[in-house]
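For the sequence shown, the residue numbers in our numbering are 1277 to 1415.
The beta-carbon is built from N, C-alpha and C at its ideal position, and this holds for glycine as well.
Working notes for the structure below.
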Amino acid sequence: SLILPLIHDDIEFFSPAIFAPKRGKTVVYELLSVVFDVLEGYRVTDTWTKGSEVLFEFEARVGKYTLQGIDRFRLDDDGRVVQMKVWIRPLTGLKELARRVSQRGLADQLADHGAVGRILMRARIRVLMLRKAFAEGLR
């Protein structure tokens, strides 16, 4: 990919949908690949630079939602991205994006496993869904 050389090996990625940052070139690249497969019509509407930071204001679509957001990049002395932070609105659109990325990631994981692995993963997912439904029922 064209962006891979621009990503530092120890990149730190902050997502609006995940509490803990993701770290490492491979992990971040794979996540961004799924995100950009899910997003439609991503376009940068404005840019800002200040020292070693670059900000992109963007618009994109996911399903019936139009998203607006900011991508904030911090660069090293060689111009590679060492940190990326993303903000997205509206919340309903962010939730839909997170749902689709999660589904896509799950589908990819299932494709990488044999029949027994797929059965075990589906069972784990059902247990997690039951736990969530049970916890929500107690509220």
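Is the beta carbon of residue j closer than 7 Å to that of residue i?
i	j	result
Ile1294	Val1357	no
Asp1322	Glu1333	yes
Leu1315	Trp1324	no
Does the beta-carbon of residue i, which I'm using as the reference point, lie nearer than 6 Å to any heavy atom of the ligand GDP?
i	result
Arg1380	What this structure holds is no ligand at all, so the ligand GDP is not there to describe.
In whole angstroms, give me the CA-to-CA distance for residue i and residue j.
i	j	result
Leu1307	Ser1291	10 Å
Phe1349	Val1311	17 Å
Asp1313	Tyr1305	12 Å
Arg1337	Phe1289	21 Å
Val1320	Pro1366	17 Å
Gln1359	Pro1281	14 Å
His1389	Arg1380	With a pLDDT of 49 at His1389, under the threshold of 50, the modelled position of this residue cannot be trusted, and the question is left open.
Arg1375	Ile1364	14 Å
Do you know whose CA, among the options, lies nearest residue i's CA?
i	options	result
Thr1302	Ile1279, Gly1345 and Phe1332	Ile1279
Glu1335	His1284, Asp1347, Pro1297 and Thr1325	Asp1347
Lys1298	Gly1345, Gly1355, Lys1361 and Asp1353	Lys1361
Asp1353	Val1377, Gly1327, Arg1375 and Arg1376	Gly1327
Checklist line | Cβ contact (3+ pairs, closer than 8 Å) linking the region 1356–1376 and the region 1323–1343 | finding: yes
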